[in-house]
Every structure is written in C-alpha cells, then in structure tokens.
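Q:
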Amino acid sequence: MKIAIYPGTFDPITNGHIDIIERALIIFDKVIVAISVDSPKKPLFTVDERMDMIKEAAKYNSKVEVDSFNGLLVKYARKVNATAIIRGLRAVSDFEYEFQMALMNRRLNEKIETVFLMPNEKYTYLNSSLIKEISSLGGDVTDFVPENVKIKLTNKQILHKDNT
Ligand code: ADP
0 MKIAIYPGTF DPITNGHIDI IERALIIFDK VIVAISVDSP KKPLFTVDER MDMIKEAAKY
60 NSKVEVDSFN GLLVKYARKV NATAIIRGLR AVSDFEYEFQ MALMNRRLNE KIETVFLMPN
120 EKYTYLNSSL IKEISSLGGD VTDFVPENVK IKLTNKQILH KDNT
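Numbering-wise, the sequence shown is residues 0 to 163 according to numbering that gives the first Met the number 0.
(1) Taking only heavy atoms of ligand 1 into account, decide whether any of them is closer than 7 angstroms to the Cβ of residue 168.
(2) Looking at residue 53: is its Cβ nearer than 8 angstroms to the Cβ of residue 4?
(3) Given a threshold of 16 other Cβ atoms within 10 Å of its Cβ, counted over all protein chains shown, does residue 17 qualify as buried or as exposed?
(4) Can we count residue 9 as close to ligand 1, meaning its CB is less than 7 angstroms from some heavy atom?
(5) Can you give me the Cβ contacts of residue 57 inside the same chain, cut-off strictly under 6 angstroms, excluding the 5 residues immediately before and after it?
(6) Return the first residue and the last residue of the beta strand (DSSP E) that residue 24 is part of.
(7) Taking 8 angstroms as the cut-off, does the stretch 102-110 touch the stretch 70-84 (at least 3 CB pairs, one atom from each stretch)?
(8) Classify residue 95 as helix, strand or coil using the three-state DSSP reduction.
(9) Just the Cα atoms here: how many angstroms apart are residue 24 and residue 30?
(10) Taking only runs that begin and end inside the stretch 34-98, name each unbroken beta strand (DSSP E) of 3 or more residues, in chain order.
(11) Can you have a look at residue 8 and say buried or exposed, based on whether 16 or more other CB atoms are within 10 angstroms of its CB?
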C-alpha cells in the first residue's frame with residue numbers, strides 16, 4: 000500500500016488543499032493529512048479544530064486520514080510508513096522555499112520522496128491567510144472553502160468580536 004503524507008498548517012483547510020488531496024489519491028492508496036504542531040505561524044484555529052474541519056471536509060473519502068505531528072517531518076513519515084511527502088505548488092513564489100525543504104528532507108532521509116502537485120488554476124491564488132482576512136472583513140468565502148469551514152470561520156469572527 001502506497002502511503003503519502005500531506006503536511007501543513009491547514010489554518011483552515013481550503014478548496015486548494017482539497018484539490019491537492021484529490022490529485023494525490025490518483026497516485027497513492029492513502030493520504031495522511033498531517034498538521035504540523037510546531038509550525039512557526041500563529042494559527043487562528045487550534046490543532047483539534049483544524050483536524051475536525053479536515054475530517055469533516057474529507058469524510059466522503061475513506062482513503063484520507065487526518066493526524067498531527069511534532070518534530071521532524073521525515074521521522075513522522077517513517078513512523079506512519081509513508082514513502083512520499085505531498086506539497087502543493089501554486090506559483091513560482093512557492094518554489095524556492097519548497098525546493099529547499101524537499102532537498103533538506105531528502106538529505107535527512109533519502110528514502111522519502113517529495114512529490115509536488117499543481118492545483119486547478121482557479122485555486123492558484125488561494126491561501127489560508129487570505130481566506131481568514133476576507134472572512135474577517137465580512138467577505139464571502141463560499142467558493143474557496145468547504146461549507147463546514149465557512150461556518151467555523153463565521154463563528155470565530157463572532158466570538159472574536161464578542162471578546163473585543
Ligand atoms: P505550510 O504552512 O506548510 O505552507 P499550508 O497549510 O499553508 O501549510 O499549506 C500546505 C501545503 O498546501 C503547502 O504545500 C502549500 O503550498 C499547499 N497549498 C496551500 N494552498 C494551496 C492551494 N490553494 N493550491 C495548492 N496548494 C496549496
């Protein structure tokens with residue numbers, strides 16, 4: 000069974016991420032979407048909230064698993080018997096950082112291959128930060144995130160407003 004991990008912050012998961020997961024499933028038997036707990040980004044949603052949103056959005060597909068991990072990605076990959084790391088490439092701007100990470104991960108464990116996948120063009124300008132910004136300003140994110148994520152985003156804004 001060919002297993003791939005798709006690591007990231009997923010704060011929150013967007014239709015761009017889902018597009019990448021679906022492409023990965025053409026190549027792999029199982030995709031583990033893995034939230035990096037040590038990410039330097041300051042997330043809006045807790046790890047549990049992010050895991051729940053991904054599970055809900057991907058529940059139609061039994062080949063998708065959701066998990067979180069601490070520490071080195073290649074160590075985690077070995078633990079779950081994954082042979083590949085999936086990353087999404089939206090534009091040239093993603094390339095330099097991703098290239099560096101891929102080569103470093105290969106140096107750390109040469110048996111794990113990084114596979115880059117390109118999303119549908121309509122998702123190339125999409126990222127989680129932009130979604131959070133649009134949503135916080137009252138914009139409509141229906142076309143960019145799954146329905147359950149849209150609801151969570153709206154609830155967060157209401158909570159945030161109540162606390163300020
Ligand atoms: P990270 O903090 O690791 O970049 P993200 O959640 O932002 O985590 O992204 C995880 C992966 O998904 C990265 O490889 C990123 O390039 C990719 N990705 C994010 N948004 C999109 C999108 N709209 N289309 C394709 N890939 C994407």
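All C-beta atoms in this analysis are idealised placements derived from N, C-alpha and C, irrespective of residue type, glycine included.
A: Quick answer:
(1) Because the chain here runs from 0 to 163, residue 168 falls outside it and cannot be looked at.
(2) It is not a contact, given that the beta carbons lie outside the stated cut-off.
(3) It is buried - the Cβ of residue 17 has at least 16 other Cβ atoms within 10 Å.
(4) It does: the Cβ of residue 9 is within 7 angstroms (strictly closer) of some heavy atom of ligand 1.
(5) Excluding positions up to five away in sequence, the list reads 63.
(6) Here residue 24 belongs to no beta strand (DSSP E); instead the alpha helix (DSSP H) covers 14-26.
(7) Contact check between the stretch 70-84 and the stretch 102-110: three or more CB pairs, one atom from each, fall below 8 angstroms, which counts as touching.
(8) The three-state reading of DSSP puts residue 95 in helix, counting H, G and I together.
(9) Looking at the two C-alpha atoms, the distance is approximately 7 angstroms.
(10) You should have 63-68 and 83-87.
(11) Buried, because 16 or more other Cβ atoms sit within 10 Å of the Cβ of residue 8.
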